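Encoded as structure tokens, the structure appears first; notes follow it.
Quick look at the structure:
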């Protein structure tokens, strides 16, 4: 039995005219995921040369929702696109050393592109369902491979530009750029295959996006979260998982606010006795789910005033949890000084559930969920 | 041509930056794991998934009556790709006993509902196409390539 050759694939659906059209939308999905991914990554960098904006308060909710949604929509697009070009894998190598070198380089770049694309979609989907079947660091690897994927994509577009241009300028049924053997009609027309691909991408989005688009909640049968939870808001990390159940409910709990040698210690009752503010701020997680919520608590700015901390200082927010990469993130000064930033005591008019961060949690506008620190016990104003 | 060269060089630089990020930020053990995952995706697609789809298509072309082929293809693309991307929720691998708000749907029931909808649509479309074909065949004796869609 001889290995298959590209001439063995006879369907006329495997045509550059189809590939280019799906590739256009796949490229758009990857571009959206790349840009929104960069935004999310920057939002989590502690030292920001340009402060991450606090407006609009729903900004991160939208960008991270788009990030996961565009990645989900890309799965059917990538699968069908790879199907249309699969015969090229079996193309016989050309004669001549120079041609062979060019061919090898192109194949290597395509290999990197496909590997990076599949890796990004698979690792991203697993992460959105909080499944980590690997030993590598998700955040730094997903970030690094994103650059590899987008670099390989840009290179691929540059290499294929004449083919793409001609394909998009002519009718989808044009056979101008087809392989000579790709003549057999398939079960579907080319237009039918394109419509099927758009349909699959649409179904994929509808079936999963309910975790971030409340309207789709009932339709998204494959969504990672139904949106239920204490006070109608899901949680990412429970008090038990964080190991804070005892310390968070202890009567000796105190919140300490510190600045330049001055310290103020407040019990939860003390916090509740301070002037309260109510703000509508979404909680939006890096995993892509989000929920609108109404929080009541003390303005962080009011707490900083207790120790006479002037505006313009970053604040280290320390959680009761004893370990974890986000135990004590930095609240940049523009967030600390924003009037909407609260140390919340209530969610939707109910006492904060322990899994939502009782005794108190940080909630700021336009900020990734991992940085909305729960079980806060120290606010240290940085010098 | 210059624009293409500049674009291509930009792509190379972006990719090289990613490779440097990947190689410089983790210890060798984690890096090896990342490498295995990086290569596995493309290998699993090219050596397993793609041949499997081709085999399924060949099987469908042999077993299915002609009016069912197009609807079945649509059903395979929709249900197949959505099932693949739903593997993490269908397996509930990330479920945690201490967090009832995570993976809190009945995913098997959800998938069965979706599969049922797809299957029903395929059957309905097949019946409609078969009827149209039998009534259309009386009027036309020649069956051009366009009728094979």
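Chains as they are written, first to last, in our numbering: chain A, 274 to 656; chain B, 58 to 206.
Even for Gly, the Cβ is constructed at its ideal location relative to N, Cα and C.
Given the structure is predicted, the values throughout are model-derived calculations rather than measurements.
- Taking CB atoms only, residue 177 of chain B has no neighbour in chain A less than 8 Å away.
- Here residue 356 of chain A carries a helix assignment [DSSP, helix/strand/coil].
- Taking residue 179 of chain B as the centre and dropping the five residues before and after it, the same chain places the C-beta of 125, 128, 129, 131, 132 closer than 8 Å to its C-beta, in chain order.
- By alpha-carbon distance to residue 71 of chain B, the top candidate from A:305, A:462, A:421 is A:421.
- 394, 395, 396, 398, 399, 400, 401, 402, 403, 404, 405, 406, 407, 408, 409: these are the residues of the segment 394-409 of chain A whose beta carbon lies less than 9 Å from some beta carbon of chain B, given in chain order.
- In terms of Cβ geometry, residue 495 of chain A and residue 481 of chain A form a close pair [threshold 8 Å].
- Annotation: the continuous beta strand (DSSP E) that includes residue 570 of chain A extends over 567-572.
- Cβ proximity to chain B below 7 Å picks out 359, 362 from the segment 359-377 of chain A.
- When only Cα atoms are considered, residue 509 of chain A and residue 170 of chain B end up about 28 Å apart.
- Taking a cut-off of 8 Å for Cβ pairs, the segment 374-386 of chain A and the segment 335-346 of chain A do not touch, as fewer than three such pairs fall below it.
- Scanning B:68, B:158, B:110, B:172 for the CA closest to the CA of residue 502 of chain A turns up B:158.
- Using a Cβ distance threshold of 8 Å, residue 533 of chain A and residue 656 of chain A count as a contacting pair.
- At a cut-off of 8 Å, the C-beta of residue 315 of chain A has no neighbouring C-beta in chain B.
- Look at residue 526 of chain A here: in three-state DSSP terms it is coil, with no helix or strand label.
- For residue 143 of chain B, the residues of chain A that pass the 8 Å Cβ criterion are 480, 481, 495, in the order they occur in the chain.
- Think of a sphere of 7 Å around the beta carbon of residue 91 of chain B: the chain A residues whose beta carbon falls inside it are 409, 414, in chain order.
- Listed in chain order, the non-local C-beta contacts of residue 571 of chain A below 6 Å within the same chain comprise 544, 547, 616, local neighbours out to five positions each way being set aside.
- With 16 or more other Cβ atoms inside 10 Å of its own Cβ, residue 354 of chain A counts as buried.
- Contact of residue 345 of chain A with chain B by beta-carbon distance below 7 Å involves 142.
- Within the same chain, 492 come within 6 Å of residue 479 of chain A by CB-CB distance, once the 5 residues on both sides are set aside.
- Selection A:650, A:586, A:575 evaluated against residue 525 of chain A yields A:650 as nearest (Cα-Cα).
- With respect to chain A, the C-beta atom of residue 127 of chain B has a partner C-beta closer than 8 Å.
- In this structure residue 587 of chain A is buried. Its beta-carbon is surrounded by 16 or more other beta-carbon atoms within 10 angstroms.
- The beta-carbon of residue 511 of chain A is placed less than 8 Å from the nearest beta-carbon of chain B.
- Contact between the segment 293-308 of chain A and the segment 587-600 of chain A is absent: fewer than three C-beta pairs spanning the two stretches fall below 8 Å.
- In this structure, residue 349 of chain A places its C-beta atom within 8 Å of the C-beta atom of residue 138 of chain B.
- For residue 82 of chain B, the residues of chain A that pass the 9 Å Cβ criterion are 410, 413, 414, 416, 417, in the order they occur in the chain.
- The alpha-carbon separation between residue 613 of chain A and residue 638 of chain A amounts to approximately 7 Å.
- A Cβ of chain A is located within less than 8 Å of the beta carbon of residue 76 of chain B.
- With at least 16 other beta carbons inside 10 angstroms of its own, residue 360 of chain A counts as buried.
- Interface criterion not met: the Cβ of residue 578 of chain A is under 8 Å from no Cβ in chain B.
- Closer than 8 Å to the CB of residue 85 of chain B there is not a single CB belonging to chain A.
- If you ignore the 5 residues before and after residue 289 of chain A, its C-beta comes within less than 6 Å of the C-beta of 436, 440, 450, all in its own chain and listed in chain order.
- C-alpha of residue 344 of chain A to C-alpha of residue 602 of chain A: approximately 28 Å in a straight line.
- DSSP places residue 607 of chain A within a helical segment (H, G or I) once states are collapsed to three.
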